[in-house]
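Chemist:
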Amino acid sequence: MRGPVRRPAPLIHPGAPVRVVAPAGPARDFEEVERGLQVLSRRYEVRVDPAVRSRKGYLAGDDERRATELAAALTEPDVRAVVALRGGYGTMRILPRLADALAELEAAPRLVVGSSDLTALGSAMLAGGVGWVHGPMVARLGRLDDASLERLFRIMEQPGGPQEPGLRGLSSGRATGPVVGGNLAVLAALSGTLFLPDLHGAILFVEDVGEKPYRLDRMLTQLLLSGALHGVAGALLGDFTDCSGPEGEPQAEEVVVERLACLGVPIVGGFPAAHGERCFALRMGDVAEIDGDRGTLSWVGG
């Protein structure tokens, strides 16, 4: 991915129709979901089918239900955005069923918002040249801080890059490229499939939750050995929430930096876009510049 995507994530306006979908895990706290829906409804025309509350073990209903719902949302004529209910697991399972809907997105893009397991859908979109927004999902909206909510709505509605928070330079140098990535575990699982986008020339963004440092090492090693990280221009690290290892051993961010060191690219860390209390949205596929000496991220053309 040597330049911006062919179809960046589109912008929407307050009051626009927004469809909520559950392509991954089931809702675990319905009160939390209702609070999130209320937050979203104060700004947009929210459409949600009762079936999003379905449950089949660790999935929000069977593959047929989830795939049919998501495909319909991605192609619903007047819907301007599709927002995921929550992550968990399951989006990868239905990607082959979404071929027609994904193909239609290039002609009629929708703003797709999600994170965690929704990295699978976002990656498939980027592989087809369509951008998306890595951001907080419905089940979390009711407990986000004001800064995270304000940033989410700004990114959904306004052009230009937002002011970025103070970050940390972890490996020197500067790099410019489209921001691509998401949840590290999902990216590693997509390695070797048609759904992992070309990362050549990209700023790789990774985050994760609940993974021990050695597992983060293994995921990155999988991506390195598969050749998926060949030609990556730089790396932006999000939060690694609850990823601590035993005292005295290398911790999550240190392990990630060490595994990426062989690429010889600038690395910037500390971006609050993951599973922590603060979750800042990112426009995936948009072009940014990172500076590993100054610890900065700036959006090109923003």
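Numbering (this note's numbering), first residue to last: 4 to 305. Ideal placement from N, C-alpha and C gives every residue a C-beta, glycine not left out.
1) Taking the alpha carbon of Asp32 as the point to measure from, which residue in Pro269, Arg56, Ala236 and Glu257 has its own alpha carbon closest?
2) For Met95, which three-state DSSP category applies?
3) In whole angstroms, what is the alpha-carbon distance linking Cys265 and Arg50?
4) Whose C-alpha, out of Asp81, Thr94, Arg83 and Arg89, is nearest the C-alpha of Thr71?
5) Tell me the start and end of each unbroken beta strand (DSSP E) in the region 56-125 that is at least 3 residues and wholly inside, in chain order.
6) How would you call Asp81, buried or exposed, if buried means at least 16 neighbouring beta carbons within 10 angstroms?
7) How many whole angstroms separate the CB atoms of Ile306 and Ala236, which I take to be in contact at a CB cut-off of 8 Å?
8) Measuring straight from C-alpha to C-alpha, what distance separates Val141 and Glu67?
9) Can you look up Arg281 in the DSSP assignment and give me helix, strand or coil?
10) Less than 8 Å separating the beta-carbons of Leu114 and Ala276?
11) With a cut-off of 8 Å, do at least 3 Cβ pairs link the region 286-304 to the region 167-183?
12) Give me the Cα-Cα distance between Phe243 and Val209, rounded to the nearest whole angstrom.
13) With DSSP run on the structure shown, which of helix, strand or coil describes Phe146?
14) Does the distance from the C-beta atom of Gly131 to that of Glu109 stay below 8 Å?
15) Go to Arg50, then tell me how far its beta strand (DSSP E) extends in each direction, as first and last residue.
Modeler: Result, derived from the coordinates:
1) Arg56
2) In the structure shown, Met95 sits in a helix (DSSP, three-state: H, G or I).
3) Cys265 and Arg50: Cα-Cα distance of roughly 46 Å.
4) The candidate whose alpha carbon is nearest that of Thr71 is Thr94.
5) 84-87 and 114-117
6) exposed
7) Since the first residue shown for the chain is 4 and the last is 305, residue 306 is missing from the structure and cannot be characterised.
8) 22 Å
9) coil
10) Contact flag unset, no.
11) Verdict: yes, contact present.
12) Answer to the nearest angstrom: the Cα atoms are 9 Å apart.
13) Reading the sequence as shown, one finds Arg at residue 146 and not Phe. DSSP, read as helix, strand or coil, puts Arg146 in coil.
14) yes
15) For Arg50, the uninterrupted beta strand (DSSP E) segment begins and ends at Glu48 to Val51.
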